[in-house]
Amino acid sequence: MLPFQNMTAVQAAFAVVNKGVRPVIPNDCLPVLSEIMTHCWDTNPEVRPPFADIVRMLEDAETEIMTTVRKARFRCCMTQPMTID
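If you count the sequence shown from 1, position 76 lands on 76 in full-length UniProt numbering, and the numbers rise without skipping.
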């Protein structure tokens, strides 16, 4: 799913700037990533985190993100039938 896929670039920019429209965060998104995105997309630029803070938030979330990725890969491997080549 792409954000603003039914809009042209100009329509998307207008919707974001003038109407406060933001992409939909998927239901299966990690809460920590959802929180970071929500902070970055605040309609008030003054309260959006500076880049250094975003880097820190992502570094702080790295363990949780990587644990989730590993679990997802493991589940995927467990559901795939094993084949012998």
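Heads up, the beta-carbon is just placed ideally off N, CA and C, and yes, glycines get one too.
Sequence ranges, alpha helix (DSSP H) only - wholly within the segment 8-66, length at least 4 = If one requires a minimum length of 4 residues, the alpha helix (DSSP H) runs lying completely within the segment 8-66 are 9-19, 31-40, in chain order.
Beta-carbon proximity check, L33 vs A52, cutoff 9 Å = Taking 9 Å as the Cβ cut-off, L33 and A52 do not qualify as a contacting pair.
Residue closest to T67, alpha-carbon to alpha-carbon, out of L30, A9, V10 = Among L30, A9, V10, the Cα nearest to that of T67 is on L30.
ask   = Taking Cβ to Cβ, would you say G20 is nearer than 9 Å to T43?
value = It is a contact, given that the beta carbons lie within the stated cut-off.
query = How about residue 112 and L58: do their beta carbons lie closer than 9 Å?
reply = For the chain, the structure presents residues 1 to 85; residue 112 sits outside this window and is missing.
task = Have a look at A12 and P45 and give me their C-alpha separation to the nearest angstrom.
result = Whole-angstrom Cα-Cα distance: 18 Å.
query = Taking the alpha carbon of Q5 as the point to measure from, which residue in F14, N18, P23 has its own alpha carbon closest?
reply = Taking only the C-alpha atoms, the option nearest Q5 is P23.
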